[in-house]
Structure formats: structure tokens, C-alpha cells
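Novice: Structure below; questions to follow.
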Amino acid sequence: MLYEKKDRREAEYLEPIFGTKNEDEILPSYKLGQDSVEPRVAYQMIKDDLLDEGKARLNLATFCQTYMEPEAVKLMSETLDRNVIDKSEYPRTAEIENRCVNIIANLWHAPENFIGTSTIGSSEACMLAGMAMKFAWRKRAEKAAIALGEKKPNLIISAGYQVCWEKFCVYWDIELREIPLTADCLSLDVEKAVAAIDEYTIGIVGILGITYTGQYDNIKKLDELLTTYNKQTENKVFIHVDAASGGLYAPFVEPELKWDFQLDNVISINTSGHKYGLVYPGVGWVLWKDKTFLPEELIFKVSYLGGELPTMAINFSHSAAQLIGQYYNFVRFGYKGYQSIHKRTHDVALYLAEKLKEAKQFELINDGNQLPLVCYKLTTNKKRKWTLYDLSDRLLMKGWQVPTYPLPKDLDEEIIQRIVVRSDFGMNMAHDFIEDLKAAIQELEHSHLVFHEKTERKNYGFTH
Ligand SMILES: *Cc1c(COP(=O)(O)O)cnc(C)c1O
Numbered sequence: 001m002l003y004e005k006k007d008r009r010e011a012e013y014l015e016p017i018f019g020t021k022n023e024d025e026i027l028p029s030y031k032l033g034q035d036s037v038e039p040r041v042a043y044q045m046i047k048d049d050l051l052d053e054g055k056a057r058l059n060l061a062t063f064c065q066t067y068m069e070p071e072a073v074k075l076m077s078e079t080l081d082r083n084v085i086d087k088s089e090y091p092r093t094a095e096i097e098n099r100c101v102n103i104i105a106n107l108w109h110a111p112e113n114f115i116g117t118s119t120i121g122s123s124e125a126c127m128l129a130g131m132a133m134k135f136a137w138r139k140r141a142e143k144a145a146i147a148l149g150e151k152k153p154n155l156i157i158s159a160g161y162q163v164c165w166e167k168f169c170v171y172w173d174i175e176l177r178e179i180p181l182t183a184d185c186l187s188l189d190v191e192k193a194v195a196a197i198d199e200y201t202i203g204i205v206g207i208l209g210i211t212y213t214g215q216y217d218n219i220k221k222l223d224e225l226l227t228t229y230n231k232q233t234e235n236k237v238f239i240h241v242d243a244a245s246g247g248l249y250a251p252f253v254e255p256e257l258k259w260d261f262q263l264d265n266v267i268s269i270n271t272s273g274h275k276y277g278l279v280y281p282g283v284g285w286v287l288w289k290d291k292t293f294l295p296e297e298l299i300f301k302v303s304y305l306g307g308e309l310p311t312m313a314i315n316f317s318h319s320a321a322q323l324i325g326q327y328y329n330f331v332r333f334g335y336k337g338y339q340s341i342h343k344r345t346h347d348v349a350l351y352l353a354e355k356l357k358e359a360k361q362f363e364l365i366n367d368g369n370q371l372p373l374v375c376y377k378l379t380t381n382k383k384r385k386w387t388l389y390d391l392s393d394r395l396l397m398k399g400w401q402v403p404t405y406p407l408p409k410d411l412d413e414e415i416i417q418r419i420v421v422r423s424d425f426g427m428n429m430a431h432d433f434i435e436d437l438k439a440a441i442q443e444l445e446h447s448h449l450v451f452h453e454k455t456e457r458k459n460y461g462f463t464h
């Protein structure tokens, strides 16, 4: 032993790695460790444990925000201790939530009598909107003397739905009536959707930005068809727009596009604050055009400074940090800020689409024209010896995470790759990505040559 017994404690702090012996200990996986660990050591050990994880900024698979300004992060870390649900303890936070709902209502052209709430994300928001549709349908059905128990109520949506709708249908016992995507129509076929309505239909979901391909459903057309449909029946069917990714994007990039509360039959809309609302994951929004579309039973009264405040969230306690982060962005960027950030993101997507076309290997399915994402498949070429999965692997060697996956049901023979452009993916990163992509293709095309080269070199006795 190098140290005397009395020195041992001091010696522990002189260990060469991070100055502690704790680093030699195994992190608890199944039960609590017996002893406490110094905060700085716990920090380092857990940080190390996370070291070989993908880098969020290079994750081209996600719509979720991966960058916020230091001031936003500071504000959010200073408000982590605030519980959104304690409206009487944190009335300013409640006020900030209200302001955000008002701001979003204004962006979506809501008339006077709207109501809305923050949520954890679009999934919770979709659950709420779906439940409201189910409850409202039940009331209509009771009035029209439709036999309630006979058949399951159904929800009409394109097969490009996000998994939250499947959850909604399972949790609340609804038939998910999917309208298949076709090669010619990679969004909701609105005619088929209206044709699928029966008296058990609780509503139709239009998607502003199908997760798979980034395409917008033609909500305006759907609205027109429903206006005609609703004229001839008491059993009216309305639209919920799942605008998880488009809800805080389209109002800035395509303000003239009609998809929101301007359309007669759109009664509720959700969005993810943590997608193009530019907040770190943990905030979403749902709004109803008119209080009458949100059945009373779903509104719970919380006491609030001697008064009462309506709440309709599914979750109860959670930190207010994300909500405050959303308000920070609204204050900080304003309309023009969001617009220029999103337009820049849009430009990057168009640039990527252009470069992908130039590579002559891909057929574009989405060229970043609506949501800023590009997705593509390989052109047919019998000589090609690699797949998109191989390309994903190659790109991962440089840290880029680019997902390869099949299209939904009926088109699932089609394998595609998708790149989502976010605000923190600038033109410089896009240049770097394209360079890496070209190199990856080059390597895949010539992988057998590389192998030969290596053997030859070995044979000729290269020594370096
Ligand atoms: C991302 C997404 C969701 C789920 O949103 P979260 O905020 O992650 O819960 C739902 N629908 C669509 C269309 C989406 O893109």
C-alpha cells in the first residue's frame, strides 16, 4: 500500500480518475445503493453513463425541439419547482398559460368563445379532443335514438395517423376507421373519409403534417364535403385537426392556407409546443373553437384564489417550466421571429431536397414543400448492392441519426428515409450532412473495392 491507514480518506480524493474511488463503483440498477455519493460524483457518473447516447442535435428523426436559448434554459431551470396544477399558489403561471392559449387561439383564428389548455404534448391533447368528440357524439346519438350499445363508435382518420390515435381508440373503446393511403394520395383521401361516415362516427381527424411523409391533409376540401354532408342530417360530423407539427408552423410559413378555425366544421385543434413551438419536450396545446364543443363533464373546477378555474387536463402535477419556456419563446420571437426561424428551416429542407435529387439515387416523396422535412426512397436500380438501411448505418458512423422505415399499411413494401429539419439544423450543418451523405454513398457503392485495396496493400507490405 502506498498510503498509511490515516491517509486513506484523503487518498480517495486523489484518485487519478475524477479524483474519487466512487468512480470504481457500479451504478445501481436493481436496488438502491447503501451509501450516499457526493453530488459531484453522482453527477459525473450519470453523465458518463449517458455518454454513448446519440446526440440530440444530430437526431434527424425527431420533430422535437433540441435547442433553446441559454436565457430560456435559465428561466426554465428556475421554474422547475412550480406545479402547473396549483393555480392558487402560482396564479402568475396560470395567467401565463392563459396568455399562451389566447396567443395560439389568435394564430388559429378562433372566434370569441374558445377554450383551451396546455398539456404534456399532443398525445394528451389528442386524448382530450377525442374524448370531447366521443361525449358530444353520445349526446347527439341519444337525441337521435341511435342504439348506443349496438356498435362501437368510430373515428375516421388516414392510415398515416400517429400512434396516439391508436391509443385513444383502445383506451376509450372506439373503432379506428382508417382510410388507406395510396401511392397517388399520401394524405387523407377526403372523399373516402366522408363516404366512411355512419351514425356511429364521433368525428374525422385531419392531420396537419402526416408524421410519415410530412404532407398536409386537405382539410379545406374535407370541410367543404362535410358542409354538404351535414346539411342533410341531424347527425353532424365535425373535424378535429391534429396539428402536432403544423399548428405552430403553417401560421407563419403559409398564413394564407385555410386549415384552422376559419373552416366551419373544424371544432378543435391540437399542437405540440415542443415541435415547431420550439420548446424542449413536455408541452402541448388543445383548443376548442367554442365552449359548447367541450362537454361539461370533461371540465373540472379547481379552486383558484377563492374563485374557480376550469381544468380539463388528464395529467395533474407537472412542472411549469415548459409552459414558461413556451411563453418565453412567444415573447422573445414574436410573429416575425417565428416566421423567420421557420422560413430558414424551410429553406434548409428545400436545399436538402435539391441535393438529394442531384445525388441521382433517390426519388423524393416529400421535398420539404409543406413541413420542412424531406423523405425519399431509392430509385430502382438492379445493380445497386445497398439499401436505405445500409445508408442509415453508414450515416450513423458520423453521428447522424436518419431513420429508414416502411410506409403505413398497404404501402408497406415502400421503404423510405426521412430527414426532419428543425430550427437548430442550419445551412452549415446541412452542408456537412450532404458531404457525409455523398461520402457514405461513395463508400457503399465501392465497398468491395475498398476491401480489395486493403488486401493488396497488405500483400505489397505497406507499413503505415
Ligand atoms: C408528434 C405527433 C403526435 C404526438 O405528439 P407528442 O407531442 O409527441 O405527444 C401526434 N400526432 C402527430 C401528427 C404528430 O406528429
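Note that the UniProt record's numbering has the sequence shown beginning at 1, numbered continuously upward. Built from N, CA and C at the ideal position, the CB exists for glycine as well.
1) How would you label Tyr389, buried or exposed, when you count the other beta carbons within 10 angstroms and need 16 or more for buried?
2) By Cβ distance below 6 Å, which residues in the same chain neighbour Asp410 in space, the five residues on each side in sequence not counted?
3) Can you tell me the Cα-Cα spacing of Ile197 and Asp242, whole angstroms?
4) Less than 7 Å between the CB of His274 and some heavy atom of ligand 1, yes or no?
5) Would Asn265 be called buried (16 or more neighbouring beta carbons within 10 Å of its own) or exposed?
6) Going by alpha carbons, who is nearest to Glu95 out of Val402, Ala320, Gln442 and Lys336?
7) In the DSSP assignment, what are the bridge partners of Val420?
8) From which residue to which residue does the beta strand (DSSP E) around His240 run?
9) Nearest to Asp347 by CA position, among Met427, Ile416, Ile365 and Lys275, is which residue?
10) Hey, which unbroken runs of the beta strand (DSSP E) at 3 residues or more fall wholly within the segment 136-163?
11) Tell me, please, which residues DSSP counts as bridged to Thr119.
12) Could you tell me whether the segment 152-162 touches the segment 171-179, where touching means 3 or more Cβ pairs closer than 8 Å?
13) From the DSSP output, in three-state form, read off Gln215 for me.
14) Could you check which residue in Asp412, Lys275, Gln417 and Ser303 has the C-alpha nearest to that of Tyr67?
15) Please state the DSSP three-state secondary structure of Ser77.
16) Under the rule that 16 or more other beta-carbon atoms within 10 Å means buried, what is Thr227, buried or exposed?
17) Counting only runs that start and end within the segment 164-220, where is the beta strand (DSSP E) found for 3 or more residues in a row?
18) Grouping DSSP H, G and I as helix and E and B as strand, with all else coil, what is Tyr3?
19) According to DSSP, is Gln232 helix, strand or coil?
20) With three or more C-beta pairs closer than 8 Å as the rule, is the segment 114-122 touching the segment 314-331?
21) Which residues bound the alpha helix (DSSP H) around Asn106?
22) Should Lys458 go down as buried or exposed, given a rule of 16 or more other Cβ atoms within 10 Å for buried?
23) So does the segment 127-146 actually touch the segment 253-260, counting three or more Cβ pairs closer than 8 Å?
24) Residue range of the beta strand (DSSP E) that Ile85 falls in?
25) Once you ignore the five residues that flank Lys87 on each side, which residues in its own chain have a CB closer than 6 Å to its CB?
26) Between Phe316, Thr182, Trp386 and Asp436, which has its C-alpha nearest Ser447's C-alpha?
27) Using the three-state DSSP reduction, which class does Ser447 fall into: helix, strand or coil?
28) Examine ligand 1 and report whether any of its heavy atoms sits within less than 7 Å of the Cβ of Gln162.
29) Measuring alpha carbon to alpha carbon, tell me which of Glu25, Ile104, Ala353 and Ile17 ends up nearest Phe330.
30) Within 7 Å: the Cβ of Ala136 and any heavy atom of ligand 1?
31) Nearest CA to the CA of Val205: which residue from Asp367, Thr213, Lys438 and Gln162?
32) Just confirm the distance between the C-beta atoms of Tyr90 and Arg82, as a whole number of angstroms; I'd bet it's less than 8 Å.
33) Evaluate Ile269 with the Cβ neighbour count: other Cβ atoms within 10 Å of its Cβ, from every protein chain shown; 16 or more gives buried, anything less gives exposed.
34) With DSSP as the reference, label Lys301 as helix, strand or coil.
35) Got a sec: does ligand 1 put a non-hydrogen atom nearer than 7 Å to the Cβ of Phe63?
36) Measure the alpha-carbon distance for Phe451 versus Tyr405 and round it to whole angstroms.
Specialist: Quick answer:
1) Classification of Tyr389: exposed, given that the 10 Å Cβ count is below 16.
2) The beta carbon of Asp410 sits closer than 6 Å to the beta carbons of Pro180 from its chain, once the five residues preceding and following it are set aside; these are given in chain order.
3) So the alpha carbons of these two residues sit roughly 19 Å apart.
4) For His274, the Cβ falls inside the 7 Å cut-off from some heavy atom of ligand 1.
5) Per the 10 Å Cβ criterion, buried.
6) Out of Val402, Ala320, Gln442 and Lys336, Ala320 has the C-alpha closest to the C-alpha of Glu95.
7) Answer by DSSP bridge pairing, in chain order: Leu373.
8) Residues Ile239 to Asp242.
9) When only C-alpha atoms are compared, the closest one is Met427.
10) Correct list: 154-158.
11) Partner(s): Gly284.
12) Pairwise C-beta distances place the segment 152-162 in contact with the segment 171-179, as three or more of them are shorter than 8 Å.
13) Note: Gln215 maps to coil in three-state DSSP.
14) Ranked by how close their Cα comes to the Cα of Tyr67, the residues Asp412, Lys275, Gln417 and Ser303 have Lys275 in first place.
15) In this structure, Ser77 counts as helix in the three-state DSSP scheme.
16) Label assigned to Thr227: exposed.
17) Those beta strand (DSSP E) runs which fall completely within the segment 164-220 and span 3+ residues are 175-179 and 201-207.
18) Because Tyr3 carries a pLDDT of 49, less than 50, the predicted location of this residue cannot be relied on, and the following value inherits that uncertainty. Tyr3: coil per DSSP, three-state reduction.
19) Gln232 falls in the coil class under three-state DSSP.
20) Enough Cβ pairs lie closer than 8 Å, so yes.
21) Judged by DSSP secondary structure, Asn106 falls within the alpha helix (DSSP H) whose first and last residues are Pro91 to Leu107.
22) Because the pLDDT of Lys458 is 43, which lies under 50, any placement of that residue in the model is unreliable, and the question is left without a value.
23) Not touching, per the Cβ criterion.
24) Here Ile85 belongs to no beta strand (DSSP E), and DSSP marks it neither H nor E.
25) Answer for Lys87: Ala94, Val302, Tyr304 and Leu309, listed in chain order.
26) Of all alpha-carbon atoms in Phe316, Thr182, Trp386 and Asp436, the one lying nearest the alpha-carbon of Ser447 is that of Trp386.
27) Note: Ser447 maps to helix in three-state DSSP.
28) Yes - ligand 1 has a heavy atom lying nearer than 7 Å to the Cβ of Gln162.
29) Answer by Cα proximity: Ile104.
30) Every heavy atom of ligand 1 is 7 Å or more from the Cβ of Ala136, so no.
31) Minimum Cα distance to Val205 is reached at Gln162.
32) By a beta-carbon distance limit of 8 Å, Tyr90 contacts Arg82. Their separation comes to about 5 Å.
33) That one is buried.
34) In the three-state DSSP reduction, Lys301 falls in the strand class (E or B).
35) Under cutoff, so the answer is yes.
36) Its pLDDT being 47, under 50, Phe451 is placed unreliably in this model, and the value from its coordinates should be taken loosely. When rounded, the distance between both Cα atoms is 29 Å.
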